[in-house]
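Trainee: First the structure, then my questions, so here it is.
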Amino acid sequence: METLITILTGVLVTVATYFILSSNVQKVILGSAILSHAAHLLIMTMGSGLKNGRIPVLTDETGSFVDALPQALILTSIVISFAVTAILLVVAYRTYRATGLDNFYDWRGYKDE
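Numbered by our numbering, the letters in the sequence shown go through residues 7 to 119 in order.
Take a look at the structure:
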């Protein structure tokens with residue numbers, strides 16, 4: 007299962023890189039959001055190993071426990087990436103309202119020839 011999730015993470019990084027290299031503002035914002043989701047998947051896969059186990063509550067029985075730290079880190083990262091995506095969308099919207107342009111080449115003054 008870890009191999010499948012790792013391949014999926016690689017595909018997401020590839021798609022995110024393609025979007026980030028675009029000249030369209032919305033695609034760049036979408037690419038950064040996809041890249042953050044790929045990082046979440048990678049941390050989850052490599053951190054916990056996708057293994058089955060019980061909650062880490064100590065009892066008299068011994069057995070395998072699941073580490074809760076990767077889940078806590080990913081939850082924090084999800085909140086931060088949501089906030090960054092929201093701020094980027096607001097800045098892109100305000101820039102579009104002010105300039106009427108949503109393309110990086112147009113913002114820089116490049117002309118198509």
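We treat Cβ as the ideally placed atom computed from N, Cα and C, and that holds for glycine.
At 3 residues or longer, and completely inside the segment 80-118: list those beta strand (DSSP E) runs for me, N to C.
Mentor: none
Trainee: Confirm, please, whether the CB-CB distance from Leu41 to Val19 is below 8 Å.
Mentor: Within the sequence shown, numbered from 1, the residue matching residue 19 stands at position 13. Within the sequence shown, numbered from 1, the residue matching residue 41 stands at position 35. Taking 8 Å as the Cβ cut-off, Val19 and Leu41 qualify as a contacting pair.
Trainee: Have a look at Ile11 and Val17 and give me their C-alpha separation to the nearest angstrom.
Mentor: Position 5 of the sequence shown, counting from 1, holds the residue named residue 11. Position 11 of the sequence shown, counting from 1, holds the residue named residue 17. Computed Cα separation, rounded: 10 Å.
Trainee: Output yes or no for whether 8 Å exceeds the beta carbon distance between Ile80 and Met50.
Mentor: Residue 80 sits at position 74 when you count from the first residue of the sequence shown. Residue 50 sits at position 44 when you count from the first residue of the sequence shown. Yes. Within cutoff.
Trainee: Are the CB atoms of Thr82 and Leu47 within a distance shorter than 8 Å?
Mentor: Residue mapping note: residue 47 aligns to position 41 of the sequence shown, counting from 1. Residue mapping note: residue 82 aligns to position 76 of the sequence shown, counting from 1. Cβ distance not < 8 Å, so Leu47 and Thr82 don't count as in contact.
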